[in-house]
Amino acid sequence: MPAAIEVNDLVKVFKKGPRAVDGIDLRVEEGEIYGFLGPNGAGKSTTVHVLTTLIPPTSGRAKVAGYDVADHGADVREHIGAALQEAALDPYLTGREHMRLQTALQGLARDERRVRGDELLDRVGLIDAADRKVGGYSGGMKRRLDLALALVHRPRILFLDEPTTGLDPQSRSALWDEVERLASGEGVTVFLTTQYLEEADRLADRVGIIDDGKIVAEGTPSALKAEIGEPSVEAVAADPDDRERLAGVLARFGDDGDCPQGTPDAVAVRLAGGESNLADVVRALDSEGVAVEYLQLHAPSLDDVFLAKTGRSLEGEGEAAEPAPQPA
Amino acid sequence: MNASFAVQVGALARRSVFRTIRQPAQVVPSLIFPLILISINSAGLQKVTEIPGFPTDSFLTFALAIPFIQAGIFSVANGGSDLARDIETGFLDRLALTPMSGVSLVTGQLAGVLALGIFQGAIYLLVGLAMGAHFEAGLAGVPVLLALALCVSFAFGCIGIFAALRLGTGEAVQGLFPVLFVFLFLSSMNLPRNLIEQDWFQTIATYNPVSYLIEGIRSLFITGFDGEALALGFGFSIIIGLAFLAASVASLRTRLTRT
Numbered sequence: 392m393p394a395a396i397e398v399n400d401l402v403k404v405f406k407k408g409p410r411a412v413d414g415i416d417l418r419v420e421e422g423e424i425y426g427f428l429g430p431n432g433a434g435k436s437t438t439v440h441v442l443t444t445l446i447p448p449t450s451g452r453a454k455v456a457g458y459d460v461a462d463h464g465a466d467v468r469e470h471i472g473a474a475l476q477e478a479a480l481d482p483y484l485t486g487r488e489h490m491r492l493q494t495a496l497q498g499l500a501r502d503e504r505r506v507r508g509d510e511l512l513d514r515v516g517l518i519d520a521a522d523r524k525v526g527g528y529s530g531g532m533k534r535r536l537d538l539a540l541a542l543v544h545r546p547r548i549l550f551l552d553e554p555t556t557g558l559d560p561q562s563r564s565a566l567w568d569e570v571e572r573l574a575s576g577e578g579v580t581v582f583l584t585t586q587y588l589e590e591a592d593r594l595a596d597r598v599g600i601i602d603d604g605k606i607v608a609e610g611t612p613s614a615l616k617a618e619i620g621e622p623s624v625e626a627v628a629a630d631p632d633d634r635e636r637l638a639g640v641l642a643r644f645g646d647d648g649d650c651p652q653g654t655p656d657a658v659a660v661r662l663a664g665g666e667s668n669l670a671d672v673v674r675a676l677d678s679e680g681v682a683v684e685y686l687q688l689h690a691p692s693l694d695d696v697f698l699a700k701t702g703r704s705l706e707g708e709g710e711a712a713e714p715a716p717q718p719a
Numbered sequence: 009m010n011a012s013f014a015v016q017v018g019a020l021a022r023r024s025v026f027r028t029i030r031q032p033a034q035v036v037p038s039l040i041f042p043l044i045l046i047s048i049n050s051a052g053l054q055k056v057t058e059i060p061g062f063p064t065d066s067f068l069t070f071a072l073a074i075p076f077i078q079a080g081i082f083s084v085a086n087g088g089s090d091l092a093r094d095i096e097t098g099f100l101d102r103l104a105l106t107p108m109s110g111v112s113l114v115t116g117q118l119a120g121v122l123a124l125g126i127f128q129g130a131i132y133l134l135v136g137l138a139m140g141a142h143f144e145a146g147l148a149g150v151p152v153l154l155a156l157a158l159c160v161s162f163a164f165g166c167i168g169i170f171a172a173l174r175l176g177t178g179e180a181v182q183g184l185f186p187v188l189f190v191f192l193f194l195s196s197m198n199l200p201r202n203l204i205e206q207d208w209f210q211t212i213a214t215y216n217p218v219s220y221l222i223e224g225i226r227s228l229f230i231t232g233f234d235g236e237a238l239a240l241g242f243g244f245s246i247i248i249g250l251a252f253l254a255a256s257v258a259s260l261r262t263r264l265t266r267t
C-alpha cells in the first residue's frame, strides 16, 4: 500500500538563507497521525510548505497522496487540506462568509456549499458565531475555523502547522479531540508540526524529531522514550550546604550524564535499576542524614529524547512560532 | 471538482466588495478628501475661467473630473494594501491551496475597487450638480460617465494590485500614493493643455496619460459627447488596466511559488 506521505532526501535552501531542510527522509502511512516535533527554526514549517506545494524543494523527492509535490502540485492540493501557522483569516468576513468563499473556490456545487459550510461550523463549535466577523473571534475560535476551512473538500491528508500555539488549555484540548476524531473516525492522515511535547505525546502515532533541518529521531513516542532507558530521580537538599553529600548518595544509584535538572540547586541522576531503586534512594538519604525538601521521579519524556539526541532541552525554547518560510 | 473561472471570480469579488464596504477608513477619506479639495479649488480658482479660450465659465464644472482621478489614486492604495495584507497574513497561501487561478484572484480582487469607483463617481456627480456644476452630456451621459469612472478605477486598481504583488507590503504600496499625485499635478488637471504656457509643462501633460483620463471625463461635463476625448479616456484607462493586469498575473506567478 502506498504511503500517504513519502519523503526522500528532501532539501530546501533559501536564497541567501539557511539550509532550512537538510536531507530528510520520512514516511507517513494512511490514517496515521505523524507528529513533527522540533524547536523554533528547526525546519518544521518549511517542510510543511514544501509538502503542501506552496514552495518547491531544492532537491530530493516528496510524494503526497501518491503525487510528486514538485511535478504534480495541483493533484497534491486536490487531496490535502492545510491549516498553516497563524490562522490566516480575513477579519472583515464572518465565519460563514469564509466557508462560502472556501467552498466556492474548492468547487463544491452551489447547493452543497451552505450545507457543508454549516456542517463544519457546527462540528468545530462555531455555528452560533457563524455570522460574527472573524476580527472579533478569540485565538481558539480562529484556529477551529481554520481547521474547518481545511476540511471543506474532504481531504485525505491534513497538514496542521503548530495548530495549538498560543491557545489556552481548553481550546487546545478541544482541537486535539477533533484531530483524533478525524484520524480515527474518518481515516484522515494527519501531519502535525508542534513544539509541544505533550501534544506530540498525546496525539501522534509516530513522532519525527527535527533539529537544524535534520530528523534526529523517529518512532512511536513509547519506543523513543524506551530508547532513553531508565527514569531519573531529581532531588534538592533541604540545606544547600548538603548538596555535595546529596550528589554523592544519588551517584550510587546511577549517573547524571544526560539528566535535566529543574533548578540549579537540584541534583538528578538516571536510575540504573529503574524506578524500583527509588525506595533504596530514600533509605540511603535517610541513613546518611541528608534531609531533602524535594524529591521527584521522572519517567523519560520526549524532551529527554530531544536532549539525548541534540544535547539541548526542547522545553523552554519559547512560545513564539517558527517564522513562516519566505519565497524561494 | 474544480470551480469554474466565473465561480472563482464571483467568490473572490464578493469577498473584495464586503471587505471594502466594511472598512470605513477606506471608503470615507477617498470620498470626502476629493470633494473638499474641489470645493476649495473651485472657489479660489474661478478667475481662471476668464482666461481667453477657457472652455467654460464654471471652474467647478471644469474641475469636477479631478475627484474621479483622485479616487482612482486612492484605489491604488486601498486595493493594493488589501492584497498586500493578504500576502503578509498568509491569506494568499490559503487561496493558493485551492484550485484558484491567478487571473481569478487578480480579477476578483479588483471588484471592491470597481464597486467603490462607481459609487464614488455617482456621488461626485450628484454633489457637483448640487454645487452648481453643469453636465452637458445630460441623462444619457450618466452611464457613460460611470462606465469611464469604472475604467479609471480599473486602471488604477490594477496598478495597486501590481504594486502589492511586487512590493509585498502595505507600507510600500502606500508609498506610491504621493508618486501618483505627481502624475495628477503634471497633467491638464487645472488648465486645458492648449492654455498651459510653459512648454515643458505642456509637453509633460501631453505625454502624461492622466491628462487623457481627465479630459475624457471633463468632456462629458463641458462639451457633451466628444468622441475623440472619450475614445482617448476609455482607451488609455483600458490599456493601462490591461497592461498592469497582465503584469500582475505574471507577478503573481512569481509571488505564488506553488508547484
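Here the protein sequences come in this chain order: A and B.
Residue 568 in the working numbering is what sits at position 177 of the first sequence, and the numbering runs on without skipping anything.
Residue 50 in the working numbering is what sits at position 42 of the second sequence, and the numbering runs on without skipping anything.
We put the CB at the ideal spot given by N, CA and C, even for glycine.
Given this structure, state the Cα-to-Cα distance separating residue i from residue j, to the nearest angstrom.
i, j, result
"residue 689 (chain A)", "residue 624 (chain A)", "6 Å"
"residue 709 (chain A)", "residue 586 (chain A)", "Because residue 709 (chain A) sits at a pLDDT of 48, beneath the cut-off of 50, its placement in the model cannot be relied upon, and the point is left open."
"residue 721 (chain A)", "residue 536 (chain A)", "One cannot answer for residue 721 (chain A) here, as it falls past the ends of chain A, which runs 392 to 719."
"residue 217 (chain B)", "residue 252 (chain B)", "14 Å"
"residue 107 (chain B)", "residue 198 (chain B)", "48 Å"
"residue 618 (chain A)", "residue 96 (chain B)", "42 Å"
"residue 267 (chain B)", "residue 454 (chain A)", "13 Å"
"residue 67 (chain B)", "residue 244 (chain B)", "25 Å"
"residue 134 (chain B)", "residue 207 (chain B)", "36 Å"
"residue 91 (chain B)", "residue 118 (chain B)", "10 Å"
"residue 211 (chain B)", "residue 474 (chain A)", "55 Å"
"residue 661 (chain A)", "residue 565 (chain A)", "35 Å"
"residue 676 (chain A)", "residue 701 (chain A)", "33 Å"
"residue 693 (chain A)", "residue 616 (chain A)", "6 Å"
"residue 49 (chain B)", "residue 178 (chain B)", "31 Å"
"residue 213 (chain B)", "residue 237 (chain B)", "15 Å"
Does residue i come within less than 7 Å of chain A when only Cβ atoms are used?
i, result
"residue 266 (chain B)", "yes"
"residue 99 (chain B)", "yes"
"residue 14 (chain B)", "no"
"residue 139 (chain B)", "no"
"residue 115 (chain B)", "no"
"residue 261 (chain B)", "no"
"residue 27 (chain B)", "yes"
"residue 105 (chain B)", "yes"
"residue 174 (chain B)", "no"
Could you tell me which of the options sits nearest to residue i, measuring between CA atoms?
i, options, result
"residue 183 (chain B)", "B:144, B:244, B:81, B:68", "B:81"
"residue 256 (chain B)", "B:169, B:59, B:133", "B:169"
"residue 100 (chain B)", "A:485, A:548, A:662, A:493", "A:493"
"residue 144 (chain B)", "B:233, B:167, B:12", "B:233"
"residue 231 (chain B)", "B:174, B:114, B:21, B:62", "B:62"
"residue 203 (chain B)", "B:53, B:60, B:22", "B:60"
"residue 483 (chain A)", "A:595, A:667, A:527", "A:527"
"residue 544 (chain A)", "A:691, A:608, A:579", "A:579"
"residue 447 (chain A)", "A:699, A:412, A:616, A:553", "A:412"
"residue 148 (chain B)", "B:158, B:167, B:229, B:195", "B:229"
"residue 248 (chain B)", "B:167, B:185, B:64", "B:167"
"residue 246 (chain B)", "B:165, B:259, B:205", "B:165"
"residue 200 (chain B)", "B:227, B:111, B:175", "B:227"
"residue 47 (chain B)", "B:221, B:137, B:222", "B:137"
"residue 71 (chain B)", "B:205, B:224, B:155, B:259", "B:224"
"residue 568 (chain A)", "A:400, A:415, A:424", "A:424"
Would you mind giving the Cβ-Cβ distance between residue i and residue j, rounded to the nearest angstrom? I have them listed as a contact below 8 Å.
i, j, result
"residue 541 (chain A)", "residue 456 (chain A)", "Residue 541 (chain A) to residue 456 (chain A), Cβ: 15 Å. No contact."
"residue 79 (chain B)", "residue 128 (chain B)", "4 Å"
"residue 628 (chain A)", "residue 683 (chain A)", "6 Å"
"residue 560 (chain A)", "residue 538 (chain A)", "With a Cβ gap of about 17 Å, residue 560 (chain A) and residue 538 (chain A) do not count as contacting."
"residue 73 (chain B)", "residue 222 (chain B)", "5 Å"
"residue 656 (chain A)", "residue 636 (chain A)", "Residue 656 (chain A) to residue 636 (chain A), Cβ: 14 Å. No contact."
Would residue i pass as an interface residue toward chain B - the criterion being a Cβ-Cβ separation below 7 Å?
i, result
"residue 710 (chain A)", "In this predicted model, residue 710 (chain A) has a pLDDT of only 44, less than 50, meaning its place in the structure is not dependable enough to derive any value."
"residue 446 (chain A)", "yes"
"residue 588 (chain A)", "no"
"residue 557 (chain A)", "no"
"residue 475 (chain A)", "yes"
"residue 399 (chain A)", "no"
"residue 505 (chain A)", "no"
"residue 468 (chain A)", "yes"
Check your understanding: Which full runs of the alpha helix (DSSP H) of 4+ residues lie inside the stretch 479-547 of chain A, going along the chain?
Key -> Restricting attention to alpha helix (DSSP H) runs no shorter than 4 residues, the stretch 479-547 of chain A encloses them at 486-496, 501-514, 530-541, ordered along the chain.
Exercise for review: Quick one: which unbroken alpha helix (DSSP H) runs of 4-plus residues sit fully inside the stretch 118-196 of chain B? Chain order, please.
Suggested key: Complete alpha helix (DSSP H) runs here, min 4: 146-175, 178-182, 184-193.
Review point. In the stretch 564-636 of chain A, which residue ranges form an unbroken alpha helix (DSSP H) of at least 4 residues, counting only runs that do not cross its ends?
Key: Taking only runs of at least 4 residues, the alpha helix (DSSP H) segments lying wholly in the stretch 564-636 of chain A are 588-594, 612-619.
Review point. Curious, which full-length alpha helix (DSSP H) runs of at least 4 residues does the stretch 202-250 of chain B contain?
Key: With a minimum length of 4 residues, the unbroken runs of alpha helix (DSSP H) contained wholly in the stretch 202-250 of chain B fall at 207-215, 217-230.
Practice item. Scan the stretch 412-485 of chain A and note each continuous alpha helix (DSSP H) run of 4 residues or more that stays entirely inside, going in chain order. Key: For the stretch 412-485 of chain A, the continuous alpha helix (DSSP H) assignments of 4+ residues that do not extend past its boundaries occur at 435-442, 464-470, in sequence order.
**Study point:** In chain order, each beta strand (DSSP E) run of at least 3 residues that lies wholly inside the stretch 658-683 of chain A
**Key:** DSSP runs (the beta strand (DSSP E)) wholly in the stretch 658-683 of chain A: 658-662.
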